[in-house]
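Oh and the sequence shown: position 238 is 237 in numbering that gives the first Met the number 0, straight run, nothing missing. The next block holds one structure in the form of structure tokens; read it before the comments.
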Amino acid sequence: MVVEENKPLAPFTTFGIGGPARWFVEATSEDEVIEAAGWAREQGLPLFVLGGGSNLLVADRGFEGLVLKVGLKGIRVYKDHPRSEPGDPWGYDVAAGEDWCDFVERAVADGCSGIECLAGIPGTVGGTPVQNVGAYGQEVSSRIGSVRAFDLQDGIFRLFLNAACGFSYRRSRFNTVDRGRYIVTRVSFGLFPGGATTVSYPELRQAVARAVPAGREPTLSEVAAVVKQVRQSKGMLLVEGDPDCRSAGSFFKNPVAEEAAVRRVGEVAGKEPPTFPAGKDQAGWVKIPAAWLIEQAGFSKGFALGKAGVSSRHTLALINLGGATAADILALADEISAAVQARFGISLEMEPVLLGF
């Protein structure tokens, strides 16, 4: 284990913002995860686990503790097992430090369905169960079989089957009731060889219809390619040199509201807001697109407040216009949230993790 001191964190984030970590370790094995956690405990240091940095805003003063970057690599594929039946999923056991985009490409190349709509999402595999990453009608929770994680409290590894992970919209036990307790080291997925594509989300369905000849089903690779095109059109695909990419993707979660609240929003806006289902575990509730609320509150694409701004392609992404500080980003976020709350009575919840504040 190599411990570095005063390590700049901005280069490890898609925002490109933030001060240094007082101490920094990149763990490439589970043994190094144990060693780093033990060292932090002995030194009395707070510990933060860093993945791909795509959903992170670091304070300008940095972090006075140990940042542990999870760099574990490796993918094991189980195509069959003693009790397998035709149509059973393949098991993918993936190390937490693997790049998520690369893993999606691997699954699509293998002809396995289940995560093709999650193409182009930046970050690492280990971060996906924590946030229950989802997009365009798919969530990782529907395909995760288990999560292996190191328990910082008890000093042992635990295996959580899907039902024990507490998954819901952008939530899991790892970012709610057990926030900061576990370090994810491996995630298993069940994906379907030769399975049908998932094209249920209206925006994606329309984009696929434009890209694929009528009368035939799109392939997994075609769906994944269209998803990436849609993400790029919104500035949510990491492309070198694209200023709209200096963000953490969606900065606000889509709020979940009851029908009465939706009616009030429509009355205030003078038009019915777009909605989509909140999920099978939230009957009677719907999601209202945060981007629509932000626009109706007076913030258009390209809006700027100092060196922080709203993406020129999607109002849900806040961006670093160049030289922005974490304080600049939060000032803009606060102004947007206050405007939405004042007009519609709906609170916006930030999606990125805040470190060092």
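Glycine included, C-beta positions come from ideal geometry on N, C-alpha and C. Keep in mind that this is a model prediction, so the values were computed, not measured.
Spatially closest choice to residue i from the options, by CA coordinates
{"i": "I155", "options": "I33, I287, V264 and L354", "result": "I33"}
{"i": "S140", "options": "A148, V129, F149 and D150", "result": "V129"}
{"i": "D87", "options": "C111, R263 and F191", "result": "F191"}
{"i": "I114", "options": "R75, S171, A195 and V57", "result": "A195"}
{"i": "A95", "options": "I16, D59, N174 and I74", "result": "I74"}
{"i": "V339", "options": "S246, I143, T218 and P288", "result": "P288"}
{"i": "A259", "options": "P7, G110, R157 and I345", "result": "I345"}
{"i": "A307", "options": "D30, A268, G322 and A296", "result": "G322"}
{"i": "D109", "options": "K78, E97, G133 and D327", "result": "K78"}
{"i": "K6", "options": "V66, P45 and R263", "result": "V66"}
{"i": "S187", "options": "G52, W99, V264 and R170", "result": "W99"}
{"i": "G266", "options": "F343, V107, E4 and A303", "result": "The sequence given here places Glu at residue 266; Gly does not occur at that position. Of the listed residues, the one whose Cα sits closest to E266 is F343."}
{"i": "G90", "options": "E104, F356, C111 and G70", "result": "C111"}
{"i": "A337", "options": "L320, K68, G297 and L354", "result": "G297"}
{"i": "T324", "options": "G119, G51 and L56", "result": "L56"}
{"i": "P272", "options": "V2, Q295 and A162", "result": "Q295"}
{"i": "Y168", "options": "A9, G133, T27 and P201", "result": "G133"}
Residue i: first and last residue of the uninterrupted alpha helix (DSSP H) it sits in
{"i": "P128", "result": "G126 to Q130"}
{"i": "L329", "result": "A325 to F343"}
{"i": "S220", "result": "L219 to S232"}
{"i": "R209", "result": "P201 to A210"}
{"i": "I33", "result": "E29 to Q42"}
{"i": "L292", "result": "A289 to Q295"}
{"i": "D101", "result": "W99 to A108"}
{"i": "G308", "result": "No alpha helix (DSSP H) contains G308, which is instead part of the beta strand (DSSP E) from A307 to V309."}
{"i": "A260", "result": "E258 to A268"}
Assumed close pair residue i, residue j - CB separation to whole angstroms, cut-off 8 Å
{"i": "R147", "j": "R185", "result": "4 Å"}
{"i": "V226", "j": "A210", "result": "Contact doesn't hold; Cβ gap of about 11 Å is too wide."}
{"i": "C164", "j": "T13", "result": "Going by Cβ atoms, the distance from C164 to T13 rounds to 25 Å, so no, they are not a contact pair."}
{"i": "G144", "j": "C116", "result": "Rounded, the Cβ-Cβ distance is 19 Å, inconsistent with contact."}
{"i": "P121", "j": "L237", "result": "5 Å"}
{"i": "A256", "j": "V285", "result": "6 Å"}
{"i": "S53", "j": "A247", "result": "6 Å"}
{"i": "M0", "j": "A36", "result": "11 Å between Cβ atoms; not a contact."}
{"i": "E97", "j": "K72", "result": "6 Å"}
According to DSSP, residues forming a beta bridge with residue i
{"i": "Y135", "result": "Y135 is not bridged to any residue."}
{"i": "L67", "result": "V24 and V48"}
{"i": "D150", "result": "I155 and Y181"}
{"i": "P192", "result": "C111"}
{"i": "V186", "result": "V93 and V146"}
{"i": "K286", "result": "V255 and F275"}
{"i": "F62", "result": "A20"}
{"i": "S346", "result": "Beta-bridge pairing links S346 to no other residue."}
Span of the beta strand (DSSP E) around residue i
{"i": "R169", "result": "Looking at the DSSP string, R169 is not in any beta strand (DSSP E), and its letter there is neither H nor E."}
{"i": "E3", "result": "E3 to P7"}
{"i": "K300", "result": "Where K300 is concerned, there is no enclosing beta strand (DSSP E), given that its DSSP letter is neither H nor E."}
{"i": "L357", "result": "No statement about residue 357 is possible, as the shown extent of the chain runs from 0 to 356 and does not include it."}
beta-carbon residue i near the ligand SAH non-hydrogen atom, thresh 8 Å
{"i": "T123", "result": "Among the components modelled here there is no ligand, and therefore nothing to report on the ligand SAH."}
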